[in-house]
Structures are given as C-alpha cells and as structure tokens.
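Have a look at this one:
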C-alpha cells in the first residue's frame, strides 16, 4: 500500500498537467472513413468501430463507411470484423480515417491487441496458432523465432530439450540462459547434467505441455530492469491459455508417427578391420607369432576351430537404432459463465527414441480458472501437474556404456549373440572378448538408465480495481519438483559390458534424487490513463522468492550378481556419495512508468532495487537497477499522413543496468564436498569463502528501427546492441595452505555486441491464396575485456581437452596444438628435428605439430587458440503457403561460423588400440614417402598424434529443414464433429546441409556455455514423420 500511495502522489502532478492541456480542447470530434478488407480492398460491412477506454461502438454500413462521434480525450480508434485481427489506429487529429484490416489467415502476425501488460507491449511474441505442427516441446517452437536467442537442441535423447543462450556469453559461473517467467511467476528449475546418468540433463521446460501455452514473449530491452539482478540474460515470458469462453468448448489435438535415426558414421568392414588390427598389432607385439596367438582369427586357416567366433559381418550401428513410435494427445475443455470461467486440459505424450530401448512418457494436467468476485475483485488460479518417466542411455565419451561409441568400436567380425561350434546364434549376448569393447546390444538392453518424477505448479492471485484507472493485485506462486535417477550397469554375471573404474567395477549401481521448490509472492499496483493526447502507464510492487534445491546421490560397485541392482547391495569398498543443499532467496521492489504523447513519442523508465542470498555477507546485499527507453513514432508525424503505404516507422534507443545473481550461494560461503580416498568416501572442504562476492553487473545499450508497410504486409525490425558485463565471477588461484586449487572473485569483464534482424513479408494475400515468408538473423561477438590475475584461464577437461578464456578473445575458446601435415619420410622427420616432452623424436608417419616457441619440443607450451564455438550468425526462416483450405509451412534454422570439437571422430581415428575405426583410417600412412593426411597406426600412440589439436576442430555451420507440415482444414463434413477440423502430416529434421563429419552439427553437451561446441557422442536428433488432427466441438 505504501508503494501504491507513493505512485499516486507522483502521478498526480503529471495528470494535473495533462488535464490542463486537454481542457482547452473541444468537447467532441466527428471522424468518418471506410473499412476495407486486406484480401481485396472491398468494403467490410458491419465491422465494429470502438474507442479504447470509452463505452461506445458503431458498425460500418454495407458500403464499409462509418461515422463516429469521439470524446475530445480519445486518441485511438479500434476496428474489428470477423475473420480479421483487431487493430487500433492513432487518430492524430485526423477527421477522416480509412482503414484496411489484416486477415486472421495471415501467419506469424504480431497481434498487439493481445497484450495486457504494459511491460510486454514492445516485446516480440509468438502465439499458439503459429506453433509448428507436431512439435512436442517448447524449445522446438522457439528455435529461430526470436532474434538474439540461440536455441540449440542438445540431442535426440527423449526429454532432453535444448540449451538457450541469449546474446552471447555473459557469465562464467552464473546462469547464461534467459529468466523464465510463467504466468507472471519466475521459474527457477534445475538444468545441470544428471549426477547419475552420464551426459543427460532433463529439459527444464518439459513440465509444460506445449498445447497449454497461449503465447511466448522475449523481453530483451530496458524493460528487463524490473527483474533487477535476474534480468541480465533477457526474460522469456510464457503465458498459458486463459479461460475466456462462456459456452462449453471441447478441443482434441493428437498426432502419431515414427522417429528414425537420420545418420550413421562409416566404419571399417571385416576385411579392412583385420588389416588395421595387423598394422596396430605389429607395433605392440615383438613378433608375428605372438600377435597371432592373441588374434588367432588373423591366420588364414579354415580349419581353425574357433573361426565361428570371428566370422560375422555385423553392422553394429544398424542394430542399435530402430524406428520408434511417437504420439502426443491433448484434450481441453473450456467454458463458464459471467461469474466463473475455466480451462481444463489433459495431456499424454509418448516419445520413443531412435536409439533402441529409449523413451519418454509424460502425463500432464492443468486447470486455469477465473472468478469474478463482485464488480471490483477477480480471482485467478492455476494448478498444473506433470508426471514423467523415461528409459534412457548414457551419452558423452563414456566408451563402455555409451551405445553409440560401443557400436562404432565393436569389431564387425563379432556376433551380437553367443555362437556354438555349428555357427548357430544362442539367446545370450556375446561377451567383451580381447578387443575390450562392450557389446552394444547388451548395453542397450541390460543396462538400465531410468528417470521418473513429478512437477507441480500452483498460482493464485486476486485483482482489485478501485476505479477505472487503478489495478491492485497480489500473486502467490508455488513450484515443486522431484526427480529420481537410477542407473545399473551389469557385468558380474554376464561379462558383456566392459568393467568400469579401470576394470575394478564389474557392475555398477547408482541412484539419486533431486528436489527443487520455489515460493514466490508479489504485491503490485498498476495505473493506466488516457487524457487527450497524453497517456500514462505506471506500476510497481514488492516481490520475493524463496528457493531451495537439493541433490542426494550415491554409487557403488560389485553387487553379488547382476540380479541385485540397487545401491544397498554394493560392496563396501568404492562407495561414493555426492550432493548439495542450495538455498537461494531474492527480494525486490520495482517500478515502471511509460508516458505516451500523441502517439508520437514514448518515454519509458524502469527500476528495481533487489538483493539475493547468493551475495557475500561482507558486501552490499541490495543493488539498484535502472533502465530507460525513448521511442519516436516517425510514421505518425503530420507530414507522413499522406504516405498511405507506410504503417509504422519507429526509432528507439534504450539503456538498462541489470545484474546476474543466478549463481550458487556456495561460491561466497564455506561448503563441503565428498572425495574418495582409498576406496572410502569422506567429506572435505570444497570452497574458500569470499564474503565480498557480489552480483554481476550488466550494462545494455539498444538501438533499433521498426518498420511496417503495405498494410503491415511487410514488417521488419533491425537493431544493434552492446553489452558490458562487469564484476563477472571468475576463479583465481588459492593459497596452497587451503588445499584447494582456486577461489571465486569478481574480477572479469565481458563485452558482447551484435546486430539483430526480424522480418516478415506477406507476398500474396487473397481469400484463396496466400504466401508469407520471414525469419530472424542474429550476430554476436563475445570478447573478454579483462580478467583478474594473468589475463588467461585454462580449463582442463578429460582426455586432454582444454578450453581457454583470455583477454581479447571469446570465452571458452578451444585451446590446443596446431596440427599440420603428416611427416612423409624419414629424411623430412630428421630435418625437422622435433621431439615430444618425453624426448621421443617425431618420425615419418607422425603429425607435424607447430612448434610455437621454436624450442624443438612439442609440449604444453605450444598450445594456442585453435577454434571458437560461437557462430558468426544464426537464426531461422519460415515459408507459409496457403491455397483455399490447404496450407504448407516450412521452418528452417541455421548457424554459420561456429566450430565444433569432434570427440567422436577423434575416438574413431586415433588408431592406437584395437577398436574398430572410421573408414578414414584407410588413408593412414604406411610407407616412407607416402603423402597423406592420416598418420600411421601405432598402439598406445606414444607420440600423441591423436592429442587434442586443430585436427579435430571442424566447421559446424549448418542449414536444417527442421519442420515441414501440410495441413487441410475441413469446412463441411458428413460427420458434424469433423466440421472445422484440421488434419495434417508433418516431418521434422528432414534435411541438414552441412560439412560437419559428425552425426549432428547441432549439439550441446550441457546448458553451461563451457560445453558449447563439444560433440561428446550425443544422440543425433531423429527424423520424424507424423500425422495429426485438431478437433473442436
């Protein structure tokens, strides 16, 4: 109430000045004109003409003409007719206003009349009607639709979803994804990779059924300042379907089809594999006899008794993939009366994965209701519940348990099943054998990776309207999630899967439980008033979040047999546990004001004063985050009224100071973690506290031009932005006495700048024919401006992979050796005179690595930046063609200039062990003087020809036809329920144009931008074909 009274006092003088200005105006004005159709320019009879803010309405005559008497305070007129979008036009002192309405058959049209929140009126939006047909998850419809928002599908594993990055990398330790706000309530889910199932992270938006969403908006300008220290990465506003009908309406949407694996990698066949084994074996064994004793199948002896074990021609990749059934069904019942309205939905999804024995099942329900409690009070409530369970497989460079890697590596001469001496296959899976590679079918069908749990959303709010101008509301939001992860990898009884932990873990059991809860409360007030040419929108409030997340996980090995699969049966030695308890609280007082003058000029101001528990105890807990924007509507100027083809020409510039406090509270406080010592787990100190740690600051400057022409058939926005993130949290070396490698400080600065383009053009718009094209195009350049310490941080990952964040470069650039040609001859090797850090000389057939410091030694000192995972530009495009009741739509997404580390190709071309290899190794060096791009095969790779280097960095640019849908709307049918129904067929991920040699150029190992551009063996996105129907009755 204090906030509301303060706003009233500050607005009084503004309103008084506006009233004095308006007093001199005449009592009323008469406006005439004609309303015509956007299809053919013909007059529209009985079109509705109304004045926003006033209870008055007239209809056009049969000739489309209208005459309306307006109050002097009116500045806008609204027009609507069935089959057309409701549109508001500024009066601008005109006494004649001819209007052409936009047909509602136009796709991807931004309908500003649907906006009720002043903070959202300038934000780009997509609506349910324009969602891609057959899409299962929210990320699918966001991809390529908002400029500046890069949505990367992580993999084709069911339920994994996509990673979202907004305008580059802004933080090392904080969250880089947009803040998600669902029905006005901030949503803070868990998005990190599973501690139990390798390489998997649950889709944060999986609890939301796509059919329950009414619209999605992206806030990225000055308006994000009202979210303070949570708004630095933009704000993704999601609104679910609101109840609005007075009569009962039932809707059913369902689609059914199959998902298929789109690609495999070429590997050696039986003959080439045996030749390769011989080459590698000769570099390990002292003589041919010793090698033939280990690999007896290399003998050309038809009488060898065990030939039946090595005479198969198995296509392992063909065995691990299979077409999978995919379906999504959604039933909605909506209705009500003048007092209460409801919107109830039920959903059931079954998403089978192209990788055999993988699937996701999801059941969801949501009830939205509004109740009118008298003339001044309204109640709005939402309850949502989602239950899901999934059968999954491990991803990442887990060579023993990732089915993709085992299928690439397993010898083609082996059978999937055990054989007898008569060459008959038996029911049991074949064992590991001397190649030390797991049986892919055993991994698929005997290892268990499961996820299950539920999500609950509860929102309740009361709105009070004391008069025409004021709205006071209060909102309570609760989110609760519980997920259980379990994994079991057999081996004690069957020996079909390679033992883990260097052969010690014959079988492995893991289990974990993750819980997340958010409690949100807001008290707010909002004021809107129009007086003549002046309009004011203002509001403010108080809000807080109490969030809690917890993970408890454990693992162990060697149960008595593979029948015992729970961690309660593991042996005493090797037990491990991990977890965390993460409280995170946020409190904010915010406000905003927008002043519009004569539909020509808009001045906007925003602010938030907030604080979070993630800051240290020794620094300021609260910060002030202001923002402002100026918009000049050039097309509404008097001199341009006669330019009838120009509908909109807006110039705007804005600035915002936001923050990022979405990082772990543990960074500033003492914390503990688990550590394994001599096969026993213990608790150790995990962090050096920093009481001075504070939120990260983010300054954003935006400038843009918005254009609309030809009755808004052409709409475009071209913008430029520049951001500077200061006080970015980074690691610094800790004192050796702490026993830790680093501590966290506010020491870095990162800048981002880029250009963003949104465009849509309706080229043909007739009643029976329509053609609309459009898309988004975005660039960003992330650059580290400063780092505390020596100006460079190197992040060492497994298997020698290294990333670097250095001043003057993009964060997380690839950091390794520069690989050149293969040394062709002994004389060439001698003239180079290069040795490795062990003193081994590089010989003919080895890779020549660049000796950057010219000391003749190839070692860690010769590493440099060898690639950048960030794209030069990215975006999406769409085409929508309509002929009568038939429509064809196509959606594309693209990325250009980003580079990818192909870890799978490195695994398949290293030639240092007895795994099967890529067909590329057929080009391997074999004789002195041979010129090739593939080094020699050598067991163990003593000179590290396969080390992390530019050899494995590839161009990840791609263009993908991500969705193609053909739909038909039935106007008349013998069965009444089919009238107005829509039937469609669609395909997803149909074609990908790329030079990338991996399974899929679109991949992300984790939501953390550190893992952007790392192809660690994730499942490729499946190619799907489905048929669906939408019914309303």
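Numbering (mature numbering (1 follows the signal peptide of the UniProt record, and there is no 0)), first residue to last: -24 to -1, 1 to 1009.
Quick reminder that beta carbons are idealized off the backbone N, C-alpha and C, glycines included.
In whole angstroms, what is the alpha-carbon distance linking residue i and residue j?
i	j	result
residue 51	residue 731	34 Å
residue 267	residue 914	14 Å
residue 1090	residue 579	No answer is possible for residue 1090: it lies beyond the span of the chain, which begins at -24 and ends at 1009.
residue 189	residue 999	25 Å
residue 677	residue 601	14 Å
residue 1002	residue 322	21 Å
residue 778	residue 930	16 Å
residue 523	residue 896	51 Å
residue 481	residue 534	6 Å
residue 806	residue 903	16 Å
residue 842	residue 925	7 Å
residue 220	residue 318	8 Å
residue 791	residue 782	10 Å
residue 478	residue 383	21 Å
residue 461	residue 529	9 Å
residue 196	residue 304	32 Å
residue 273	residue 258	15 Å
residue 1007	residue 102	22 Å
residue 421	residue 333	7 Å
residue 224	residue 79	26 Å
residue 300	residue 159	34 Å
residue -19	residue 514	Note that residue -19 scores 41 on pLDDT, short of 50, meaning its location in the model is unreliable; the coordinates nonetheless yield the value given after this. Taking the straight line from one Cα to the other gives about 12 Å.
If you drop the 5 nearest sequence neighbours on each side, which residues of the same chain put their C-beta closer than 8 Å to that of residue i?
i	result
residue 641	558, 559, 560, 589 and 590
residue 834	793, 810, 811, 812, 813, 818, 825 and 827
residue 316	345, 346, 347 and 348
residue 610	616, 625, 626 and 627
residue -24	Per-residue confidence for residue -24 stands at a pLDDT of 42, beneath the threshold of 50, marking its modelled position as unreliable; the derived number appears in the next sentence. For residue -24, where only same-chain residues beyond five positions count, there are no Cβ hits under 8 Å.
What do you reckon, are the CB atoms on residue i and residue j nearer than 9 Å?
i	j	result
residue 519	residue 497	yes
residue 740	residue 861	no
residue 499	residue 450	yes
residue 585	residue 120	no
residue 23	residue 35	yes
residue 516	residue 567	yes
residue 385	residue 288	no
residue 525	residue 492	yes
residue 360	residue 94	no
residue 387	residue 470	no
residue 20	residue 81	no
residue 125	residue 754	yes
residue 795	residue 844	no
residue 38	residue 53	no
Between residue i and the rest of its own chain, which residues show a CB-CB distance below 6 Å, the 5 nearest in sequence each way excluded?
i	result
residue 917	888
residue 552	531, 652 and 657
residue 336	134, 135, 327 and 366
residue 629	606 and 679
residue 990	877 and 981
residue 735	692 and 750
Whose C-beta lies closer than 7 Å to the C-beta of residue i among residues of the same chain, with five residues either side of it excluded?
i	result
residue 996	132, 237, 238, 239, 975 and 976
residue 675	633, 699 and 700
Buried or exposed: where does residue i fall if 16 or more other Cβ atoms within 10 Å of its Cβ makes it buried?
i	result
residue -15	Here residue -15 scores only 41 on pLDDT, less than 50, and its place in the model is too uncertain to base an answer on.
residue 352	exposed
residue 1009	exposed
residue -12	With a pLDDT of only 38 at residue -12, under 50, the local geometry of the prediction cannot be trusted, and the value read off the model is given with reservation. Result: exposed.
residue 969	exposed
residue 745	exposed
residue 1010	The shown model of the chain, from -24 to 1009, leaves out residue 1010, and the question about it has no answer.
Q. Between the segment 684 to 704 and the segment 720 to 734, do three or more beta carbon pairs fall short of 8 Å?
A. yes
(Q) With a threshold of 8 Å, are at least 3 pairs of Cβ atoms found where one atom belongs to the segment 377 to 391 and the other to the segment 441 to 457? (A) no
Q. Does the segment 863 to 870 come close enough to the segment 923 to 938 to have 3 or more Cβ pairs within less than 8 Å?
A. yes
(Q) Pairs of beta-carbons, one from the segment 44 to 61 and one from the segment 108 to 127, closer than 8 Å: are there three or more? (A) no
Q | Cβ contact (3+ pairs, closer than 8 Å) linking the segment 153 to 164 and the segment 197 to 213 | A | yes
Q | Contact the segment 760 to 768 vs the segment 702 to 721: 3+ CB pairs below 8 Å | A | yes
Q.
Using 8 Å as the cut-off, can you tell me whether the segment 503 to 513 makes contact with the segment 390 to 408, which would need three or more C-beta pairs spanning the two stretches below that distance?
A. no
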